[in-house]
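Per the UniProt record's numbering, the sequence shown runs over residues 1 to 127. C-beta: ideal position from N, C-alpha, C; glycine also. Encoded as structure tokens, the structure appears first; notes follow it.
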Amino acid sequence: MPVIQFYETVPAADGSSVPAVGRFQFTPSGSVINGTQEVLAKPFTAALDGTGRMSVNLAATTSNWAWRVDMDIRGVPPQTVYVSVLSSDTQWANLTRVDPHSLTAIPAFLPPPWVANINIDGGTASG
Numbered sequence: 001m002p003v004i005q006f007y008e009t010v011p012a013a014d015g016s017s018v019p020a021v022g023r024f025q026f027t028p029s030g031s032v033i034n035g036t037q038e039v040l041a042k043p044f045t046a047a048l049d050g051t052g053r054m055s056v057n058l059a060a061t062t063s064n065w066a067w068r069v070d071m072d073i074r075g076v077p078p079q080t081v082y083v084s085v086l087s088s089d090t091q092w093a094n095l096t097r098v099d100p101h102s103l104t105a106i107p108a109f110l111p112p113p114w115v116a117n118i119n120i121d122g123g124t125a126s127g
């Protein structure tokens, strides 16, 4: 089973980064068939250590399911992502995020929804 290494930091008041404090809950997105056995989707939780690190064993995913990861990090709004896991050890940051419905890869960087290019041909803009 692949080992996934995590290292999380959060911004400090002085602009530096400090180790994050929090926990992650991992849940298969659906039941998994392993040979003739059905493995039900039961979550488990792991906590970051005092340095913002942790290692978690996650089963490699297939095209039929992904890992749902609920992140609860102190000072950061809760976030849920879905990831696919290959059969080799890697870093959390290297996992592919997937759409929870289609299980297809999501681009690594999506601009925030409030960012948009606006062309103004004339008139005034305020606000």
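Whole-angstrom Cβ separation of residue i and residue j, contact assumed at under 8 Å?
| i | j | result |
| --- | --- | --- |
| Y7 | R53 | 5 Å |
| L103 | S63 | 7 Å |
| R23 | A46 | 7 Å |
If you follow the beta strand (DSSP E) that residue i is part of, which residue opens it and which one closes it?
| i | result |
| --- | --- |
| R68 | W67 to I73 |
| G22 | G22 to P28 |
| I33 | V32 to N34 |
| S84 | Q79 to S84 |
| T9 | T9 to P11 |
| S17 | S17 to P19 |
| V39 | Q37 to V39 |
Classify residue i as buried or exposed, calling it buried when 16 or more other Cβ atoms lie within 10 Å of its own Cβ.
| i | result |
| --- | --- |
| L86 | exposed |
| A12 | exposed |
| A105 | exposed |
| F44 | exposed |
Within the 9 Å Cβ cut-off, does residue i reach chain B?
| i | result |
| --- | --- |
| F26 | Absent from the structure: chain B. Only one protein chain is present. |
Under 8 Å from any heavy atom of the ligand ATP, does the C-beta of residue i make it?
| i | result |
| --- | --- |
| T80 | Ligands displayed in this structure: none; no statement on the ligand ATP is therefore possible. |
Determine which residues share a DSSP beta bridge with residue i and list them.
| i | result |
| --- | --- |
| N57 | V3 |
| T51 | Answer is none; T51 lacks a bridge partner. |
| V76 | None, per the DSSP bridge assignment. |
| P107 | Per DSSP, none; premise fails for P107. |
| T45 | Q25 |
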